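Here the sequence shown is numbered in our numbering, starting from 2 and rising by one per residue. Scroll down for the structure; my scribbles are underneath it.
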Amino acid sequence: MVSRVVCQTLKRTGRLIMDRDELIHSLSRNLGRTAPPPDTPPLSYRHSVHQQRMQGWDAQQIMRAFIEYSRTIGVRVVETIKSELNASMAAAVRSLDAHSILMSDDFLLKEMETAKVLSSSHQLTVWSAETPHDEMIRLASQADVGISVARLALAESATVLLGSEAGAGRSVTLLPESAIYIVPAGVILPSLTQAMAWLKQCYPHRLPAAITMVSGPSATSDIELVRVVGVHGPIQIVHMVVTDMVEMVGCEREFSAFEKGSSRS
2 MVSRVVCQTL KRTGRLIMDR DELIHSLSRN LGRTAPPPDT PPLSYRHSVH QQRMQGWDAQ
62 QIMRAFIEYS RTIGVRVVET IKSELNASMA AAVRSLDAHS ILMSDDFLLK EMETAKVLSS
122 SHQLTVWSAE TPHDEMIRLA SQADVGISVA RLALAESATV LLGSEAGAGR SVTLLPESAI
182 YIVPAGVILP SLTQAMAWLK QCYPHRLPAA ITMVSGPSAT SDIELVRVVG VHGPIQIVHM
242 VVTDMVEMVG CEREFSAFEK GSSRS
């Protein structure tokens, strides 16, 4: 129904609508409304089992669950502490036999001066919104490993959530053969239910342009249920869990990059 209304809206206007508010108002008119509803009532669920997942678990238990399930789905896990993060990353890069690195321009990596450490022994590129898009894509496709920082992580599925931000295009960890995700212990939540509640708290009016969720190495079993790894993304994934970064960073910092403009993937 909604897709049909969208098609009718585009046909009647005869052009592509790029502005979000204009598109929503056009959809409202085609649905016989004068304006979008002022508020969306909360959904009423018959059961609340999704709210009870890992209920009563402390942060340490949730972190251990994330680590355990990461290994279950084929992710290599490195546990480290903040003061040893750069050394742990350098060791992980060597273990992947990587020579070239593409790294997101993230505030944590800036604080740790990670670029300075890794560039001393590897060919390093930091994602830049100022560099021509085609050039960044070329560099991403040629990099051996991409490094990004998880905004959130889900223990239930060993998923990391990545932001769409100017300093971290999606290609950073999509195109290289291997990817390293830095996961501060404090951003690990039980499941998607808690992650969406957190995002709603940070973004009460509208969500960011994009949020990418990555659960382990790229894999598919579409053809005769034969598992093939690396079809749509990296073959090797490393979750670098920073065990002493236990505080959940507030919205004003953790998601501020979302507001600075979405990335060119």
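Backbone N, C-alpha and C define an ideal beta-carbon position, used for all residues, glycine too. As the structure is a prediction and not an experimental result, all values here were calculated from the model.
Where the beta strand (DSSP E) containing residue i begins and where it ends
| i | result |
| --- | --- |
| His240 | 237–243 |
| Ile25 | Premise fails: Ile25 lies in the alpha helix (DSSP H), 21–31, not in any beta strand (DSSP E). |
| Thr41 | Element bounds for Thr41: n/a, residue is neither H nor E. |
| Glu80 | 77–81 |
| Val1 | This structure does not reach residue 1, given that the chain is present from 2 up to 266, and the question cannot be answered. |
Helix, strand or coil at residue i according to DSSP, with G and I counted as helix
| i | result |
| --- | --- |
| Ser142 | helix |
| Met249 | coil |
| Arg34 | coil |
| Ala220 | strand |
| Gly147 | strand |
| Val188 | helix |
| Met55 | coil |
| Leu119 | helix |
| Glu131 | coil |
Range of the contiguous alpha helix (DSSP H) that encloses residue i
| i | result |
| --- | --- |
| Leu162 | Unbroken run through Leu162 is the beta strand (DSSP E), 160–164; no alpha helix (DSSP H). |
| Glu69 | 60–73 |
| Ala196 | 193–203 |
| Glu112 | 108–113 |
| Arg95 | 86–96 |
Residues sharing a beta bridge with residue i, DSSP
| i | result |
| --- | --- |
| Ser172 | Answer is none; Ser172 lacks a bridge partner. |
| Leu125 | Ile102 |
| Tyr182 | Ser149, His240 |
| Leu208 | Beta-bridge pairing links Leu208 to no other residue. |
| Ala167 | The partner list for Ala167 (beta bridge, DSSP) is empty, contrary to what the question assumes. |
| Val229 | Thr221 |
| Ala154 | Val161, Ile189 |
Minimum Cβ-Cβ distance from residue i to chain D less than 9 Å
| i | result |
| --- | --- |
| Glu23 | In the structure shown, chain D cannot be found, because there is only a single protein chain. |
Contact test: residue i Cβ vs the ligand ADP heavy atom, cutoff 8 Å
| i | result |
| --- | --- |
| Ser105 | Inclusion of the ligand ADP in the displayed structure is not the case, the ligand content being empty and no account of it being possible. |
Count the CB pairs spanning the region 85–101 and the region 176–195 that are closer than 8 Å, and state whether there are at least three.
yes
Would the region 165–173 and the region 102–121 be scored as touching if the rule is three or more Cβ pairs under 8 Å?
yes
Check whether the region 180–198 and the region 235–244 are in contact - that is, three or more C-beta pairs closer than 8 Å.
yes
The region 55–65 in contact with the region 156–163 per 3-pair CB rule at 8 Å:
yes
Do the region 82–96 and the region 115–125 meet, that is, are 3 or more Cβ pairs less than 8 Å apart?
yes
Tell me, please, whether the region 205–220 touches the region 73–81 by the rule of three or more beta-carbon pairs shorter than 8 Å.
yes
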